[in-house]
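S.K.:
In the working numbering, the protein residues as written are 56 to 282.
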């Protein structure tokens with residue numbers, strides 16, 4: 056992870072045997088897919104990177120942005136969950152960002168760090184947990200025609216449909232797409248083939264009941280890729 060070191064610090068996520076945030080928030084979905092939910096089970100690991108280091112670029116000094124990427128992943132089971140993320144660009148009010156800044160790149164470097172050469176190409180599921188982006192939520196609502204987003208197993212949209220492509224094109228979906236597009240040499244030619252959208256009952260910052268929306272992108276090898 057040397058490429059992260061000039062800009063990002065790794066912070067504690069949890070201890071062996073602890074439930075991940077994903078394991079707590081969408082336990083039914085993980086169980087249905089036979090995916091691990093506690094740290095250490097089938098190689099499940101957490102990540103907690105904070106952009107808390109100053110840096111110099113082109114002779115100019117920049118203050119840390121305190122952007123962060125927090126998630127969990129298991130190379131053995133082939134899944135990544137992006138749990139709580141705020142990019143340096145967002146956290147600095149679109150003022151500054153270090154050279155290594157995108158969710159797609161930071162998550163990839165962590166995936167590359169924990170996966171064997173064979174496991175690198177084993178990615179099957181990419182969760183976007185608790186989607187809060189206004190545009191992403193609005194497009195998901197359009198896909199459901201204004202109806203409430205159901206609990207797990209939710210509703211799936213093939214990526215050949217307008218709804219599926221629209222969700223992939225949201226800010227939350229785009230990070231998944233760029234993760235795959237920008238790292239083809241390591242990951243192989245892979246792409247989402249469907250997305251499942253579902254909700255869970257949670258609590259807002261004031262302890263009041265609130266529906267949380269989640270995206271699950273299913274990843275598969277591309278047959279006869281053109282490039």
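Just so it is clear, CB atoms sit at the ideal spot from N, CA and C, and this is done for glycine as well. What you are looking at is a predicted structure, and each value in this text was computed from that prediction instead of being measured.
1) Roughly how many whole angstroms lie between the Cα atoms of residue 196 and residue 216?
2) Counting only the same chain and skipping the five closest in sequence on each side, list residues whose C-beta sits under 7 Å from that of residue 116.
3) Suppose only complete runs of 3+ residues qualify. What are the beta strand (DSSP E) ranges in the segment 108-186, listed by chain order?
4) So residue 231 is in the alpha helix (DSSP H); what residue range does that whole segment cover?
5) Just to confirm, are residue 276 and residue 245 a CB contact at a threshold of 7 Å?
6) Identify, in the order they occur along the chain, each residue of the same chain with its Cβ nearer than 6 Å to the Cβ of residue 88, setting aside the five sequence neighbours on each side.
7) Extract the residue ranges of the beta strand (DSSP E) inside the segment 83-107, only unbroken runs of 3 or more that lie entirely within it.
8) Does the Cβ of residue 262 have 16 or more other Cβ atoms within 10 Å, making it buried, or fewer, making it exposed?
9) Exposed or buried, which one is residue 258 when buried takes at least 16 other CB atoms within 10 Å?
10) Hey, could you find the ends of the beta strand (DSSP E) residue 254 is sitting in?
11) Checking the sheet assignment: what are the DSSP bridge partners for residue 270?
12) Below 6 Å CB to CB, which residues in the same chain sit around residue 139 once its five sequence neighbours on both sides are set aside?
13) Report all residues from its chain with a CB closer than 7 Å to the CB of residue 256; omit the five preceding and five following residues, and keep chain order.
14) With C-beta atoms as the reference, is residue 219 less than 7 Å away from residue 159?
15) Which of the three DSSP states is assigned to residue 58 in this structure?
16) So, at 7 Å on beta carbons, what are the nonlocal neighbours of residue 57 in its own chain, with the 5 sequence-adjacent residues on each side left out?
17) If we ignore side chains and look at the alpha-carbon of each, how far apart do residue 183 and residue 271 end up?
18) Relative to the C-alpha of residue 222, which residue among 252, 72, 201 and 240 is closest?
19) On the three-pair Cβ rule with 8 Å, is the segment 192-206 touching the segment 136-154?
20) Three-state secondary structure (DSSP) at residue 240?
21) Could you check which residue in 93, 105, 114 and 118 has the C-alpha nearest to that of residue 127?
22) Thinking C-alpha only, which one of 232, 133, 165 and 121 is nearest residue 101?
M.R.: Short version:
1) 15 Å
2) Counting only residues of its own chain and dropping the five nearest sequence neighbours on each side, residue 116 has a CB closer than 7 Å to the CB of 109.
3) Restricting attention to beta strand (DSSP E) runs no shorter than 3 residues, the segment 108-186 encloses them at 110-112, 115-117, 123-129, 134-141 and 180-183, ordered along the chain.
4) 226-236
5) yes
6) Apart from the 5 residues on each side of it in sequence, residue 88 has no Cβ closer than 6 Å to any other Cβ in its chain.
7) For secondary structure counted as the beta strand (DSSP E) over 3 or more consecutive residues, the segment 83-107 holds these complete runs in sequence order: 100-105.
8) exposed
9) exposed
10) Where residue 254 is concerned, the enclosing beta strand (DSSP E) stretches over 245-258.
11) 183 and 252
12) 125
13) 264 and 266
14) no
15) Residue 58 sits in coil when the DSSP states are folded into three classes, being neither helix nor strand.
16) none
17) 6 Å
18) 252
19) no
20) helix
21) The residue from 93, 105, 114 and 118 with its alpha-carbon nearest to that of residue 127 is 93.
22) 165
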